[in-house]
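Have a look at the structure below, then the notes.
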């Protein structure tokens, strides 16, 4: 009769008699794979890109409550929907095959509410504003650094600064490149602060792509308008034209929203009055301030915002494709302008 083999003391990790001594420092055998390094157990914040490809976002709101009525509308017509909370925004999603019908029903619902003076508005997530704010600051600081150091052996201020006569003679890029140049650190700092604030506000209405497009397009348009009324010798630089374009675009979009939702004239016109007050308070300055550029930037922002509102009636600016188009147009126009200014193309 054999004696039972002594059992290993698992709790203390001791070898069984007969196994021999274990070398000092040798790890205990493992029953499974061991992690190769520290594991970050912090949950990653989900984004809209994490949604299943079979789910389509048909409405966004700042809270679940703001999406409750649209969800009920879809339920009433037999379209199942789900609410997803992510990135500080509530998303109303439906199956891909139901997305077109869901959008149609929601458009009809919003249209009917507008007739009764009630509307459910949709806003973009805060991350859109953070993105455009970061791009705005990074772009202005990089160009400022290049201009101060004379990167590449170029005189950035001379090649890209606003020259009214040269602009009208065909150097189109100056309408854009002048937006990125600044006289000194104080000039740059003020445009970084105010530009970021209004870019974030604008992105809540138009999305990051819409805001980026508006800043470049309306800023350049403002410089063109300014060149048309001033002498050919006029020189200037700075992003303030784009900043006031953002102000004009934001108050115009807010005015159009309130025009659909409110019957009170004072409430409808309040954003426009506020915009004019901001223009008068911050747009004026000493003899070095290009006041006309601020005014034309503000007017250009109004025009671009109204134009985008017309486009939004046919192609929703909230769609990813339209947002990507806005980012692309702003980036391509800015890059092309600087390539032409530096004589690289």
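Residue numbers (the working numbering): -14 to 330.
Where a beta carbon is used, it is the ideal one built from N, C-alpha and C, also for glycine.
Limits of the alpha helix (DSSP H) - the one that residue 212 falls within: Counting along the chain, the alpha helix (DSSP H) containing residue 212 begins and ends at 170 to 214.
Three-pair Cβ contact test at 8 Å for the segment 194 to 205 versus the segment 226 to 237: Yes: the two stretches touch, three or more of their Cβ pairs being nearer than 8 Å.
N-terminal and C-terminal residue of the beta strand (DSSP E) that residue 79 is part of: Here the beta strand (DSSP E) through residue 79 covers 74 to 80.
Check whether residue 223 and residue 164 have beta carbons under 9 Å apart: Closer than 9 Å, so yes.
Selected residue, minimal CA-CA separation from residue 226, among 264, 38 and 295: Ranked by Cα distance from residue 226, the first of 264, 38 and 295 is 264.
With 16 other Cβ atoms within 10 Å as the buried cut-off, status of residue 141: In this structure residue 141 is buried. Its beta-carbon is surrounded by 16 or more other beta-carbon atoms within 10 angstroms.
Contact test: residue 193 Cβ vs the ligand ATP heavy atom, cutoff 8 Å: With respect to the ligand ATP, the structure offers nothing, as it holds no ligand at all.
Alpha helix (DSSP H) runs wholly inside the segment 127 to 155, at least 4 long, in chain order: The qualifying runs are 141 to 145 and 149 to 153.
Cβ-Cβ distance between residue 191 and residue 293 below 9 Å: Between residue 191 and residue 293, the CB-CB gap stays under 9 Å.
Euclidean distance between Cα positions of residue 83 and residue 121: Taking the straight line from one Cα to the other gives about 38 Å.
Residue nearest to residue 363 in terms of C-alpha spacing, selected from 170, 274, 198 and 269: Here the chain comprises residues numbered -14 to 330, so residue 363 is not present and cannot be evaluated.
Bounding residues of the alpha helix (DSSP H) (the contiguous stretch that carries residue 159): Its alpha helix (DSSP H) spans residues 159 to 162.
Cβ-Cβ distance between residue 145 and residue 309 below 9 Å: In this structure, residue 145 keeps its C-beta atom at 9 Å or more from the C-beta atom of residue 309.
Cβ-based neighbour list, residue 254, same chain, cut-off 8 Å, excluding 5 preceding and 5 following: So the list reads 240, once near-sequence residues are dropped.
Between the CA atoms of residue 80 and residue 282 - distance to the nearest angstrom: Between residue 282 and residue 80, the C-alpha separation is close to 43 Å.
Endpoints, the alpha helix (DSSP H) within which residue 283 is located: 276 to 297 is the extent of the alpha helix (DSSP H) around residue 283.
Contact set for residue 295: own chain, Cβ-Cβ below 7 Å, skip 5 residues either direction: Within its own chain, no residue has a Cβ closer than 7 Å to the Cβ of residue 295 once the five positions on either side in sequence are excluded.
Outcome for residue 174 when other beta-carbon atoms lying within 10 angstroms are tallied against a minimum of 16: When all chains shown are included, residue 174 counts as exposed.
Residue 234 versus residue 289 - alpha carbon distance: Distance between the alpha carbons of residue 234 and residue 289: 7 Å.
Per-residue burial, residue 278 [other beta carbons within 10 Å of its own, 16 or more giving buried]: Buried is the label assigned to residue 278, since at least 16 other Cβ atoms lie within 10 Å of its Cβ.
Member of 69, 213 and 149 whose CA lies at the smallest distance from the CA of residue 42: Cα-wise, what sits closest to residue 42 is 69.
Chain-order list of residues whose beta-carbon lies under 6 Å from that of residue 168 (same chain, five-residue window excluded): Cβ within range, chain order: n/a, list empty.
Residue 200 versus residue 250 - alpha carbon distance: Using only the alpha carbons, I get a separation of about 29 Å.
Contacting residues, own chain, Cβ-Cβ under 7 Å from residue 269 (five flanking each side not counted): Contacts found: 276.
With 16 other Cβ atoms within 10 Å as the buried cut-off, status of residue 326: With 16 or more other Cβ atoms within 10 Å, it is buried.
Where residue 311 sits in the DSSP three-state scheme: Note: residue 311 maps to helix in three-state DSSP.
Beta-carbon proximity list for residue 320, same chain, < 7 Å, skipping 5 on both sides: If the five residues before and after residue 320 are omitted, its C-beta is found closer than 7 Å to no C-beta atom of its own chain.
CB contact flag (residue 291, residue 237, <9 Å): Yes, Cβ-Cβ distance for residue 291 and residue 237 is below 9 Å.
Classification of residue 285 by the beta-carbon crowding that lies within 10 angstroms, buried from 16 upward: By the neighbour-count definition (other C-beta atoms within 10 Å, threshold 16), residue 285 is a buried residue.
Closest Cα partner of residue 73 within the set 48, 89, 96 and 63: Minimum Cα distance to residue 73 is reached at 48.
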